[in-house]
Amino acid sequence: MYKPLYFCTMNRTLVIGDIHSGLRALKQLLERADVSSDDRLIFLGDYVDGWSEAVETVDFLIQLRESHNCTFIRGNHDELCLAWLRGGKDNPLWLQHGGGATLKSYTKTDAKTKEAHILFFENLQNTYIDDSNRLFLHAGFTNLKGIDYEYYPETFYWDRTLWELAQSLNPDLEKGSPFYPKRLSHYQAIFIGHTPISKTGIAQPKNAGNVWNIDTGAAFKGALSMLDVDTKVIWQSDPVHSFYPNEQGRN
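As structure tokens, then:
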């Protein structure tokens, strides 16, 4: 785990990867990074589906935004959970990929809590661009002209081609080259989750081109990760599965 070489924690912009109901890991991560109300927190989505604390995780995030500057991005698992909360229909594919633990978590939840969570999920953002032209989204986009021209909003939280493209780049290819992918040229940097860097062990956020992937496999056997977008300092929790020793997660 990287640790900062400075003591001032004012006005940081911190981006957090996919949580997947790993609330205990999230609390440890916030403590390790010494997060305060002066920090900007950008969560990249997938707050549920994985470990047993789906309801508690969403409750915690709703409370956190009362005291901290939070931006919540929409993940594909959040949209799947919202569809279930709205209609109560079981999606077999969702249940196989972490939804079962989420459904069980909501079993003893009252209607008022569910309504609050529906509102939380409905108000998630598909994308966010900061004042430095840095783009934050869960998965990716496909339009060569950028996110404003993306035809299907679902792409923002389901796409995997953006990360695939970034990883395939020649590291010597400069951003000003005519061969540099147009998709990547519109933003100073792009921060995503969605595609785990590793499912089997500890990995750190990875950079390819101008894309940073912050999903380090918290739903599986990895840690939950946080990155300072300016300094690139990394903080990580313990492996998330170690907080839930009697659970399968998405393994």
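First residue of the sequence shown? That's 1 in the UniProt record's numbering, and the numbers climb one at a time after it.
By construction, the Cβ of each residue, glycine as well, lies at the ideal position given by its N, Cα and C atoms.
Only a predicted model underlies this, so the values are computations on that prediction, with no experimental measurement involved.
Are residue i and residue j close, meaning C-beta to C-beta below 7 Å?
i: H97; j: G50; result: no
i: G193; j: D215; result: yes
i: Y157; j: N76; result: yes
i: E154; j: F141; result: no
i: A25; j: S237; result: yes
i: L144; j: K206; result: no
i: L44; j: I73; result: yes
i: residue 286; j: D78; result: Nothing about residue 286 can be reported from this structure: the residues present for the chain run from 1 to 251 only.
i: P239; j: K221; result: yes
i: V211; j: I190; result: yes
i: L85; j: I118; result: yes
i: L23; j: T57; result: yes
i: W163; j: N91; result: no
Identify, in the order they occur along the chain, each residue of the same chain with its Cβ nearer than 8 Å to the Cβ of residue i, setting aside the five sequence neighbours on each side.
i: T113; result: V55, D59
i: D230; result: R12, T13
i: G52; result: Just to set this straight, residue 52 is Ser in the shown sequence, not Gly. These residues qualify, in order along the chain: S21, A101, K104, S105, Y244, E247.
i: C8; result: The predicted position of C8 is uncertain, since its pLDDT is 48 and thus under 50; a value taken from the coordinates is nonetheless stated next. No residues qualify anywhere along the chain.
At which residues does the beta strand (DSSP E) containing residue i begin and terminate?
i: W235; result: 234-236
i: S225; result: 225-228
i: T13; result: 13-16
Evaluate residue i with the Cβ neighbour count: other Cβ atoms within 10 Å of its Cβ, from every protein chain shown; 16 or more gives buried, anything less gives exposed.
i: A39; result: This sequence places Asp at residue 39; Ala is not what is there. Label assigned to D39: buried.
i: F179; result: exposed
i: S67; result: exposed
i: L173; result: exposed
In chain order, what residues of the same chain have a beta carbon less than 6 Å from the beta carbon of residue i, not counting five sequence neighbours either side?
i: L169; result: G209
i: Y6; result: Per-residue confidence for Y6 stands at a pLDDT of 42, beneath the threshold of 50, marking its modelled position as unreliable; no derived number is given.
i: N69; result: R40
i: H186; result: G146
i: L135; result: I129, Y187, I190
i: K3; result: A caution first: K3 carries a pLDDT of 44, below 50, which makes its placement in the model too unreliable to give a value.
i: N126; result: R74, P153, F156
If you follow the alpha helix (DSSP H) that residue i is part of, which residue opens it and which one closes it?
i: residue 260; result: Given that the chain is displayed from residue 1 to residue 251, the structure contains no residue 260 and the question cannot be resolved.
i: R250; result: Element bounds for R250: n/a, residue is neither H nor E.
i: K206; result: Where K206 is concerned, there is no enclosing alpha helix (DSSP H), although the beta strand (DSSP E) it sits in stretches over 206-208.
i: residue 255; result: Any property of residue 255 remains undetermined from this structure, which presents the chain solely from 1 to 251.
If you drop the 5 nearest sequence neighbours on each side, which residues of the same chain put their C-beta closer than 7 Å to that of residue i?
i: I62; result: A116, F120
i: I202; result: G222, A223, P239
i: G87; result: none
Complete alpha helix (DSSP H) runs within the segment 107-183 (minimum length 4 residues, chain order) | 111-122, 155-158, 161-168
Please specify which runs of the alpha helix (DSSP H), each continuous and at least 4 residues long, are wholly inside the segment 64-104, giving them in chain order.
-> 76-87
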